[in-house]
Amino acid sequence: MGITILLFSDRVVIETLHNEKRSLQYIADYLGFSKTTIFNKFHRLDVTYQAQLAQADFEKKVTQRGRKSSLTTNLKRLIEELSDDELVQINWYLNSRPLKCLNWHSPIEIFLLNLRH
1 MGITILLFSD
11 RVVIETLHNE
21 KRSLQYIADY
31 LGFSKTTIFN
41 KFHRLDVTYQ
51 AQLAQADFEK
61 KVTQRGRKSS
71 LTTNLKRLIE
81 ELSDDELVQI
91 NWYLNSRPLK
101 CLNWHSPIEI
111 FLLNLRH
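If you use the UniProt record's numbering, the sequence shown corresponds to residues 1 to 117, in order.
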């Protein structure tokens, strides 16, 4: 399921054709979008469709987007509750223990070896 982003000019065409009492299918065919896309754009606003309001709503929602967290909710909550010193300790512990995949060297050892070269 892709996201269809309309240009402001597309929104103006939608508003104009809607005011001319054109069908959703006609508007969709005219702009080259699916009927469902046009239907969804109409029903995002609680008022009669207006291009400027729809564009403002889109711009507001774009700014509220963020990168999805790869952390679980519980892990994210735990990290937010830890102090900076506790996070430094955890980081040191994880990076100073030997790992089999590094031929029993620690990540910090490998980092320092690569730093010298």
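Every residue, glycine too, gets a C-beta built ideally from N, C-alpha and C.
None of the values given here were measured: they were computed from a predicted structure.
query, result
"Any chance the CB of residue 77 is under 7 Å from a heavy atom of the ligand FAD?", "As for the ligand FAD, it is missing from this structure, which has no ligand bound."
"Rounded to whole angstroms, what's the CA-CA distance from residue 18 to residue 69? Just pull it up for me.", "39 Å"
"Let me check understanding here. Comparing Cα to Cα, which of 23, 11 and 102 lies closest to residue 57?", "11"
"Which residues mark the beginning and the end of the alpha helix (DSSP H) in which residue 26 is found?", "24–31"
"Taking a contact to mean a Cβ-Cβ separation below 8 Å, would you say residue 13 touches residue 24 in this structure?", "no"
"Go to residue 107, then tell me how far its alpha helix (DSSP H) extends in each direction, as first and last residue.", "107–116"
"In terms of alpha-carbon separation, which member of 83, 109 and 77 lies closest to residue 94?", "109"
"Is the beta carbon of residue 45 less than 8 Å from the beta carbon of residue 54?", "yes"
"What is the DSSP secondary structure of residue 99, counted as helix, strand or coil?", "strand"
"If you draw a straight line from the alpha carbon of residue 15 to that of residue 67, how long is it in whole angstroms?", "32 Å"
"If we ignore side chains and look at the alpha-carbon of each, how far apart do residue 29 and residue 59 end up?", "25 Å"
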